Amino acid sequence: DCAGECNGSALTDNCGVCDDNPFNDCEQDCAGEWGGSAEEDNCGVCNGDNSSCLASVSFGEYNDGVVEVYYSSLEAVGGFQFEITGATVTGASGGASDGFDAVSTSSSTVLGFSFTGATIDATDGALLVNVSIDGAPASEVCLSNAVLSDESGNTMVTSSLDCFTIPSQLEISYSFGQDVTGFQFDVE
-6 DCAGECNGSA
4 LTDNCGVCDD
14 NPFNDCEQDC
24 AGEWGGSAEE
34 DNCGVCNGDN
44 SSCLASVSFG
54 EYNDGVVEVY
64 YSSLEAVGGF
74 QFEITGATVT
84 GASGGASDGF
94 DAVSTSSSTV
104 LGFSFTGATI
114 DATDGALLVN
124 VSIDGAPASE
134 VCLSNAVLSD
144 ESGNTMVTSS
154 LDCFTIPSQL
164 EISYSFGQDV
174 TGFQFDVE
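Read in order, the letters of the sequence shown are residues -6 to 181 in our numbering.
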């Protein structure tokens, strides 16, 4: 065999390793390289950087329990769906989603579409929807499994992995030319 043992069972695998364990054989990556590390991105491109997707969905600013969700798309959008983890979704409205007559939520999913076939415009970054969430301070909130569909209802390849952390403390700054001996304010 390859280890020099007479009548042995060791074989050389596709990565050049000689042993008799068939369970540790290397695998071929998406580029066809045995033992390689290339992986497909969210757009299905080997060793890609998610830039070739037809669409993307990402978080914008978070403020007082509401997070903006933005979208980019090379085509008009006939519907959308995405999941949020790390917080409970309590509502969704506004942005381009106002162009649809149906925007609904569950505790973790936001869905928007039109019964009449209306679409929202292709864009290189516009507010899709404002999502109301309920989450604990310092929780990591992530957006995933986003799907945008075209005007015919066909799924567009969409990238969507994005996260942020809910702020855990209130920071107050001041800039004053004199010493401050005290201050008072209300937080609502």
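Note that CB positions come from ideal geometry on N, CA and C, so glycine has one too. None of these values were measured; they are calculated from a predicted model.
Checklist entry - Pick from I126, L120 and D57: whose alpha carbon is nearest that of T78? => result I126
Item to check | Neighbourhood of S145 by C-beta distance below 8 Å, restricted to the same chain and skipping five residues each side | outcome: G71
Checklist entry - Which residues share a DSSP beta bridge with N56? => result V59
Item to check | Nearest-angstrom Cα separation, counted from A131 out to L4 | outcome: 52 Å
Item to check | Distance between beta carbons of T102 and E133, contact taken as under 8 Å | outcome: Going by Cβ atoms, the distance from E133 to T102 rounds to 18 Å, so no, they are not a contact pair.
Checklist entry - For the beta strand (DSSP E) that contains F123, what are its first and last residues? => result Phe is not the amino acid found at residue 123; the sequence shown has Asn there. From DSSP, the beta strand (DSSP E) with N123 extends over T116 to D127.
Checklist entry - Just the Cα atoms here: how many angstroms apart are A95 and C8? => result 53 Å
Checklist entry - Apart from the five residues on each side of it in sequence, which residues of its chain come closer than 8 Å, Cβ to Cβ, to E68? => result L47, A48, A115, D143, E144 and M149
Item to check | Supposed contact pair A80 and V122 - C-beta distance, whole angstroms, cut 8 Å | outcome: Between A80 and V122 the Cβ distance is about 15 Å, and since that is not below 8 Å, they are no contact.
Checklist entry - For L120 versus E61, is the C-beta spacing smaller than 8 Å? => result yes
Checklist entry - Since I159 sits in a beta bridge, which residues does DSSP pair it with? => result For I159, which the question treats as bridged, DSSP gives no partner whatsoever.
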